[in-house]
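Q: Below is one structure. I have some questions about it.
Residue numbers (the numbering used here), protein chains in the order written: chain A, 1 to 398; chain B, 1001 to 1398.
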């Protein structure tokens, strides 16, 4: 099978912006082309574009987003499709980019993830996100994602002996990392004292969905990220000279029951486990080989649970690893060096692409102040629905 | 590269239905599984599902449609993505299905196309369809698809000496074919006299967007279609024994300017030409090898124009071929044996999948009264935007 690598990354500053959705996606794409060495602003080797987004139709009221982007970028007649898999749309777009090249249909693929969340504020935002719930068995009953995460957190607290402080520890770590990431939405340190002290917690970290408080979940952000993928056998011909070659060594995804209440063991995230196993198998690695990981901490509990389901830590011990500082930048298994969804931000469709962009920077040794020494293997988990549809990506520096 | 074939087809009766969107998609999927020989109603070989739909988000207000379908079909943990490329979403989903298998990531892919148009009636339907126009340069100015098609038709009439009757000839042919297709929306013959006689044309065939009348464009339909794709090297192991093997010999797609006014030659459909050329090249054929074609006649002018851009007839002569009956069931180059979008119906995301389902039936010799004798090579063109993003598929019976 053809080897596929990532030769360019682009990333807007996550946060609030007035840039229109399509232009925001193009901004990230142009940066990815520049990064790959196509300094003219146009890379005429691109023969396929995949755009991962959840709200292009529902929020922007635009269809054919991918071909609009191709036209704006002036890379016609490149093939183009929009991909939707809830908040895992970006991870799905990367998987499709791999397939397009490995199948021989394309040689050079531009993968973009983007979301303009500013269009849906307050309850409209919560409602938009809730459209990923089951349309008949969940959504009509008023369930929301924070409500699900609250139930899930309480259950894991009871099962594994965690407490609220464990969530805050993850939050503090990710805020610290985001301070070192110029693209992060919230580049502001948070002290454990500030968000856990019972004397003023009601003001500094108010309850959202018991037991979850504001700092136990991600903010609402706009943003886009992009990757330029190329077949290894075309890299020299196209003049993409980056060293090392960052290879997409493994891609995997898996679905779980769309109705969360149907799960046999509700503390499990089966789709995380299966997608990671699939990606590891394809890459010929085990969890022990992972040097750096970007996990989908839309809620802090998810970083802990995913660190277990991916095999980075034994089941029920993810929070202990975080307590011990093992997942910090200076730990033995750094997680969410980018700041994670918590502090870097979570523009839904952008997130999966943003995660892999961070891994590329880490594996190239270009992560600056947040660099993990000698990172050679990276893992990302992009989480759709409440674990309904999860993608895993493994990168190797070669 | 791995060879990929189609071993199962499913197709709902196009028209109006009260079946919920996801259930409608599952109905087509179950039929495709049955057709492939998985009579239990569950095919546990499926490892990837692609759902082509334009309105799942915008109309149904559902995200994660693909994983909801996986769950309903009880084929977890199959991978799942929703694909959007306007009315060419179905063709795009087939292309991705090919990529998934050819890349080795999947062995057996379920491709579904579906749309529930009943949710958007009247002006809401026109507006929904118009979201495929450029969000800044076209949509805000009130342009609609029928308006574009009217301008395009007038220009081609002036350029190539066509008249309104040429559109009606195509319409009459497609209505005749649909009478032989039990899945068609409008199974009713239409006489040329009835829709062209000036004495009563205002009543029987009213003007919609000059020069286009009601019978020069497709109806609004609900519907879904599905295909089961398998790697040839897994066909026997999985027990899919259909003969002949219907191979996806070529897939191609291409984009054109998203803003139609930017095209150098506005009578051309460049993306149709390029996508067909790409698919022919991959299949190792020329237009002369095509035995039967399904072209995207959302407007009757498009069947004529596409029959030229795909090389089936020389430029400027498509309407002459239709006049001579060459594109009828009994002609030497039958087009839209299914009834086409005109009479079979056009549930946007379903159309590309439905077209290929028809070709499979033709190539298997299972098309009943509408069978084209000895059909071995089939071509489909699925048209997104106003030719902004077009997919082409070539099938071969082997």
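Idealized CB from N, CA, C, for every residue including glycine. Here the structure is a predicted model, which means the values were calculated and not measured.
Keeping to the same chain, check which residues put their C-beta closer than 7 Å to that of residue 210 of chain A; ignore five residues upstream and five downstream.
A: Excluding sequence neighbours, residue 210 of chain A sits near 150.
Q: Per DSSP, residue 1115 of chain B forms a beta bridge with which residues?
A: Its beta-bridge partners are B:1223.
Q: Using CA atoms only, rank isn't needed, just tell me which of B:1090, B:1003, B:1007 is closest to residue 1241 of chain B.
A: That would be B:1007, whose Cα lies nearest to the Cα of residue 1241 of chain B.
Q: Tell me, please, whether the CB atom of residue 1212 of chain B is closer than 8 Å to any CB atom in chain A?
A: It does not: the Cβ of residue 1212 of chain B has no partner Cβ on chain A nearer than 8 Å.
Q: With distances taken from CA atoms, which of A:183, A:394, A:251 is nearest residue 17 of chain A?
A: When each option's Cα is compared against that of residue 17 of chain A, the closest is A:183.
Q: Quick one: does residue 251 of chain A have its CB under 8 Å from some CB of chain B?
A: For residue 251 of chain A, the answer is yes, since a Cβ of chain B falls inside 8 Å of its Cβ.
Q: Give every residue of the same chain whose Cβ lies closer than 8 Å to the Cβ of residue 1022 of chain B, excluding the five residues on either side of it in the sequence, and list them in chain order.
A: Cβ neighbours of residue 1022 of chain B beyond the five flanking positions: 1062, 1065, 1068, 1069, 1072.
Q: Residue 1292 of chain B lies in the beta strand (DSSP E); which residues open and close that run?
A: Where residue 1292 of chain B is concerned, the enclosing beta strand (DSSP E) stretches over 1292-1294.
Q: Which residues in the same chain as residue 258 of chain A place their Cβ atom closer than 6 Å to its Cβ, once the five residues preceding and following it in sequence are excluded?
A: 134, 388.
Q: Starting from residue 1389 of chain B, trace the alpha helix (DSSP H) both ways and give me its first and last residue.
A: Looking at the DSSP string, residue 1389 of chain B is not in any alpha helix (DSSP H); the run it does join, the beta strand (DSSP E), is 1389-1397.
Q: Taking the alpha carbon of residue 234 of chain A as the reference point, which residue from A:55, A:245, A:225 has its own alpha carbon closest?
A: Closest option to residue 234 of chain A, Cα to Cα, is A:245.
Q: Looking only at C-alpha atoms, which of A:351, A:1, A:218, A:315 sits nearest to residue 226 of chain A?
A: Per the Cα distances, A:351.
Q: Is the segment 1338-1358 of chain B touching the segment 29-38 of chain A in the sense that three or more CB pairs, one from each, lie closer than 8 Å?
A: Touching, no.
Q: Just curious, the alpha helix (DSSP H) that residue 31 of chain A is in, first and last residue?
A: Looking at the DSSP string, the run of the alpha helix (DSSP H) that includes residue 31 of chain A is 21-35.
Q: Look at residue 89 of chain A and residue 368 of chain A and say whether their C-beta atoms are less than 8 Å apart.
A: The answer is no: Cβ separation not under 8 Å.
Q: So, under 8 Å CB-CB, residue 399 of chain A and residue 84 of chain A are touching, yes? Tell me the CB distance rounded to an integer number of Å.
A: As displayed, chain A neither begins before 1 nor continues past 398, which places residue 399 of chain A out of reach and without an answer.
Q: Work out the CA separation of residue 132 of chain A and residue 402 of chain A for me, nearest whole Å.
A: Because chain A spans 1 through 398 in this model, residue 402 of chain A falls outside it and cannot be assessed.
Q: Can you tell me where the alpha helix (DSSP H) holding residue 1128 of chain B begins and where it ends?
A: 1123-1130 is the extent of the alpha helix (DSSP H) around residue 1128 of chain B.
Q: Using only CA atoms, which one of B:1288, B:1301, B:1296 lies nearest to residue 1311 of chain B?
A: For the residues B:1288, B:1301, B:1296, the minimum Cα distance to residue 1311 of chain B belongs to B:1288.
Q: What is the rounded straight-line gap between the Cα of residue 4 of chain A and the Cα of residue 396 of chain A?
A: Their backbone Cα atoms lie some 11 Å apart in a straight line.
Q: DSSP has residue 251 of chain A in a bridge; who is on the other side?
A: For residue 251 of chain A, which the question treats as bridged, DSSP gives the partners A:393.
Q: Can you name the start and end residues of the beta strand (DSSP E) that residue 1209 of chain B belongs to?
A: 1207-1209 is the span of the beta strand (DSSP E), which, as asked, contains residue 1209 of chain B.
Q: Put residue 1246 of chain B into one of helix, strand or coil per three-state DSSP.
A: Strand, per DSSP.
Q: Tell me the DSSP secondary structure of residue 377 of chain A in three-state form.
A: Here residue 377 of chain A sits in strand by DSSP.
Q: In chain order, what residues of the segment 1071-1094 of chain B put their CB closer than 7 Å to some CB of chain A?
A: If the cut-off is 7 Å between Cβ atoms, the segment 1071-1094 of chain B has 1071, 1076, 1077, 1078, 1079, 1080, 1081, 1082, 1083, 1084, 1085, 1086, 1092 near chain A.
Q: Would you check if there are 3 or more beta carbon pairs closer than 8 Å linking the segment 1154-1167 of chain B to the segment 1272-1282 of chain B?
A: No, the segment 1154-1167 of chain B does not touch the segment 1272-1282 of chain B.
Q: Between the segment 95-102 of chain A and the segment 1089-1104 of chain B, are three or more C-beta pairs nearer than 8 Å?
A: The segment 95-102 of chain A vs the segment 1089-1104 of chain B: in contact.
Q: Listing by chain order, which chain A residues have their CB less than 7 Å from the CB of residue 1131 of chain B?
A: Simply 61, 62, 63.
Q: Using 8 Å as the threshold, is the segment 1293-1302 of chain B in touch with the segment 1249-1268 of chain B, meaning 3 or more CB pairs across them?
A: Taking 8 Å as the limit for Cβ pairs, the verdict is that the segment 1249-1268 of chain B does not touch the segment 1293-1302 of chain B.
Q: Taking C-beta to C-beta, are residue 328 of chain A and residue 173 of chain A nearer than 8 Å?
A: Cβ distance < 8 Å, so residue 328 of chain A and residue 173 of chain A count as in contact.
Q: Determine the direct distance from the alpha carbon of residue 1309 of chain B to that of residue 1393 of chain B, and round the result to whole angstroms.
A: Cα-Cα distance, rounded: 14 Å.
Q: Nearest to residue 1046 of chain B by alpha carbon, out of B:1377, B:1239, B:1128?
A: Nearest option by C-alpha distance: B:1239.
Q: Between residue 104 of chain A and chain B, is there a C-beta pair that is closer than 8 Å?
A: For residue 104 of chain A, the answer is yes, since a Cβ of chain B falls inside 8 Å of its Cβ.
Q: Roughly how far, in whole angstroms, is the beta-carbon of residue 346 of chain A from the beta-carbon of residue 179 of chain A, given that I think they are within contact range, below 8 Å?
A: Wrong, their Cβ atoms sit about 17 Å apart, outside the cutoff.
Q: Could you tell me if residue 380 of chain A is buried or exposed, where buried requires 16 or more neighbouring beta carbons within 10 angstroms of its beta carbon?
A: Buried: at least 16 other Cβ atoms inside 10 Å.
Q: Just to check my reading of the structure: residue 27 of chain A and residue 224 of chain A have Cβ atoms closer than 8 Å, yes? What is that Cβ distance to the nearest angstrom?
A: That pair is a contact at about 7 Å.
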